[in-house]
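Undergrad: Line order of the protein sequences matches chains C and L. For the first sequence, this note's numbering begins at 530 and goes up steadily by one. For the second sequence, this note's numbering begins at 30 and goes up steadily by one. Note that beta-carbon positions come from the ideal geometry of N, C-alpha and C, so glycine has one too.
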Amino acid sequence: MKLKLLLLFSLVITAFFFLVSCDTYDKVTTLNPKTGRFNAYNVNVKITTASKANTDTLKKLIIVPNSSYWIGMVKNMNYFDEIMTFSDMDMDITKKGLADKIPSLTDKIGLNRAYNLYRPFFVLYFTQELKNNQLYFGLALYDPGKVETIFENKVFVNHSVLDRTDQKTMYPLFNSLLDYLHGLEKIKTKK
Amino acid sequence: MRLKRQFYYVLTIFAIVGLTSCGSLGKVTTLNPNTGRFPAKKKTINIINKTSVNADTLKTLIIVPDTPYWIGMVQNMKFFNEVMTMDELEKDIIKKGLTEQIPTLSNYNGLKKAYKYYKPFVIIMLTEEKKSNGSWYVGFELFDPSRVDKIFQNEIHINQIWSDWTDRGTMYPLFNSLLDYLTEQK
Numbered sequence: 530m531k532l533k534l535l536l537l538f539s540l541v542i543t544a545f546f547f548l549v550s551c552d553t554y555d556k557v558t559t560l561n562p563k564t565g566r567f568n569a570y571n572v573n574v575k576i577t578t579a580s581k582a583n584t585d586t587l588k589k590l591i592i593v594p595n596s597s598y599w600i601g602m603v604k605n606m607n608y609f610d611e612i613m614t615f616s617d618m619d620m621d622i623t624k625k626g627l628a629d630k631i632p633s634l635t636d637k638i639g640l641n642r643a644y645n646l647y648r649p650f651f652v653l654y655f656t657q658e659l660k661n662n663q664l665y666f667g668l669a670l671y672d673p674g675k676v677e678t679i680f681e682n683k684v685f686v687n688h689s690v691l692d693r694t695d696q697k698t699m700y701p702l703f704n705s706l707l708d709y710l711h712g713l714e715k716i717k718t719k720k
Numbered sequence: 030m031r032l033k034r035q036f037y038y039v040l041t042i043f044a045i046v047g048l049t050s051c052g053s054l055g056k057v058t059t060l061n062p063n064t065g066r067f068p069a070k071k072k073t074i075n076i077i078n079k080t081s082v083n084a085d086t087l088k089t090l091i092i093v094p095d096t097p098y099w100i101g102m103v104q105n106m107k108f109f110n111e112v113m114t115m116d117e118l119e120k121d122i123i124k125k126g127l128t129e130q131i132p133t134l135s136n137y138n139g140l141k142k143a144y145k146y147y148k149p150f151v152i153i154m155l156t157e158e159k160k161s162n163g164s165w166y167v168g169f170e171l172f173d174p175s176r177v178d179k180i181f182q183n184e185i186h187i188n189q190i191w192s193d194w195t196d197r198g199t200m201y202p203l204f205n206s207l208l209d210y211l212t213e214q215k
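1) Mind checking if THR698(C) is an interface residue toward chain L, Cβ cutoff 8 Å exclusive?
2) What's the C-alpha gap between ASN75(L) and ILE152(L)?
3) Can you tell me the Cα-Cα spacing of SER50(L) and THR199(L), whole angstroms?
4) How would you write the range of the alpha helix (DSSP H) that HIS688(C) sits in, first residue to last?
5) Output needed in chain order: residues of the region 615 to 643 of chain C with a Cβ under 9 Å from some Cβ in chain L.
6) For TYR647(C), which of LYS683(C), GLY674(C), THR694(C) has the nearest alpha-carbon?
7) So, with DSSP's three-state summary, where would you put THR678(C)?
8) Tell me which residues of the region 143 to 174 of chain L have at least one Cβ-Cβ distance to chain B shorter than 8 Å, keeping chain order.
9) Specify the secondary structure class of ILE231(L) as computed by DSSP and reduced to three states.
10) When the distance is taken between beta carbons, is GLN35(L) closer than 8 Å to GLN657(C)?
11) From this set, GLY101(L), PHE172(L), LYS72(L), PHE150(L), which residue's C-alpha is nearest ARG197(L)'s C-alpha?
12) In the DSSP assignment, what residue or residues form a beta bridge with ASP695(C)?
13) Pop quiz: ASP552(C) and THR694(C) are said to be a contact at Cβ under 8 Å. What is the actual Cβ separation, rounded to whole angstroms?
14) How about LEU207(L) and PHE169(L): are their beta carbons less than 8 Å apart?
15) At the level of alpha carbons, what is the spacing between GLY565(C) and MET606(C)?
16) Along chain L, which residues have their Cβ under 9 Å away from the Cβ of VAL676(C)?
17) Check this for me: beta carbons of LEU702(C) and VAL574(C), under 8 Å apart or not?
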């Protein structure tokens, strides 16, 4: 009986926390027009790779994971001209009769062939890393033409689910990617 | 693609963290120069399958899982002329401009083509199996892309309750049994 009460109590507390916080989980958001960034907490995002890249190609087409969250978020970054999922690209390659020449999109060789024979693109994907029992989420930007990852960031993720909100994980990661992309543009205009 | 790999990586890490509580696991060691084998406990290893192959071809190149442990251990076996990860193999194929002949490595046909147009190689994988009687086995599989078949398979029983998946009790004996097979080839 006492146990039941305790359980109920803890449930209420948890529900309360969920409800009072304005934080979200897996929710597509738009840029704050004032800041040009996604509204997020000021968490420490570590950038592990940031190479130069040709922004003309980079802007044209980005391939994202097959989910509405990714399509929505990347669209709302207002940076890329065209966004496709792996599934979209696979369909288009098949429609254009290139499937025999590009039999797979699941490995580096397949992506490299698609880059050369279909059209140039970059790939954005999600990373997870467990290091010394600490979990990190991150974004990575891959260049199939050069066969190298040009950008990688990561953020520490607390074990508590309450701390795994968009505002503490994904939005800061997307903001850091935006900073990188806008930085590339600046380098270009300087030239 | 990458996500799945990352997921497996995280899973593996979890498994390793869980299992290292008793005895070491994941520590790269070198061969004992006197015996030519890794220092291991005496364990019963089941050899499920072994096919005789040409030793010179076998030696050419081995593809190992992308962890420092596998790379280190297989290098220290001192049998293969070259040790690579799948990632390195892919990059080298692209670099050498062979993607016309080898358009993917994600299926058997692609691997077979890589064997033919790049160079002969074998792939080593770790296997885990829960048998119908409920006991757990881990083992190695050596895959030959030209035969589209495994040429060697071994396994060792592990006691899950005592989590005795360790280097000396599990991994090194498996590596030694693989070494026995490799050195038997003519």
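TA: To lay it out plainly:
1) Taking the first residue of the first sequence as position 1, residue 698(C) is located at position 169. No, because no Cβ of chain L sits closer than 8 Å to the Cβ of THR698(C).
2) In the second sequence, the residue the question calls residue 75(L) occupies position 46. In the second sequence, the residue the question calls residue 152(L) occupies position 123. Their Cα atoms are separated by approximately 20 Å.
3) If you number the second sequence from 1, residue 50(L) lands on position 21. If you number the second sequence from 1, residue 199(L) lands on position 170. Residue placement at SER50(L) is flagged as unreliable, the pLDDT there being 47, under the threshold of 50; the coordinate-derived value follows with that caveat. Near 15 Å, if we compare the C-alpha coordinates of THR199(L) and SER50(L).
4) Against the first sequence, residue 688(C) aligns to sequence position 159. Where HIS688(C) is concerned, there is no enclosing alpha helix (DSSP H), given that its DSSP letter is neither H nor E.
5) PHE615, ASP629, LYS630, ILE631, PRO632, SER633, LEU634, THR635, ASP636, LYS637, ILE638, GLY639, LEU640, ASN641, ARG642
6) Here the question's residue 647(C) lines up with position 118 in the first sequence. Checking every option, the nearest Cα to that of TYR647(C) belongs to GLY674(C).
7) The count along the first sequence starts at 1 and reaches residue 678(C) at position 149. Strand.
8) Of the protein chains in the structure, C and L, none is chain B.
9) Since the first and last residues shown for chain L are 30 and 215, residue 231(L) lies out of range.
10) The residue given as residue 657(C) occupies position 128 in the first sequence. The residue given as residue 35(L) occupies position 6 in the second sequence. Against a cut-off of 8 Å, the Cβ pair of GLN35(L) and GLN657(C) comes out as a contact.
11) Looking up residue 197(L) in the second sequence gives position 168. Residue LYS72(L) is the option with its Cα nearest to ARG197(L).
12) Counted from its first residue, the first sequence places residue 695(C) at position 166. Note: ASP695(C) sits in no beta bridge, so no partner.
13) Here residue 552(C) is taken as the residue at index 23 of the first sequence, counted from 1. Here residue 694(C) is taken as the residue at index 165 of the first sequence, counted from 1. Correct: roughly 4 Å between the Cβ atoms.
14) Numbered from its first residue, the second sequence carries residue 207(L) at position 178. Numbered from its first residue, the second sequence carries residue 169(L) at position 140. Yes; because the gap between Cβ atoms is below 8 Å, this pair is in contact.
15) Translated into the one-based positions of the first sequence, residue 565(C) becomes position 36. Translated into the one-based positions of the first sequence, residue 606(C) becomes position 77. Their backbone Cα atoms lie some 9 Å apart in a straight line.
16) In the first sequence, the residue the question calls residue 676(C) occupies position 147. Per Cβ cutoff of 9 Å: GLU119, LYS120, ILE123, LYS124.
17) For the purposes of this step, residue 702(C) is identified with residue 173 of the first sequence, where counting begins at 1. For the purposes of this step, residue 574(C) is identified with residue 45 of the first sequence, where counting begins at 1. Yes, the pair counts as a contact, with Cβ atoms nearer than the cut-off.
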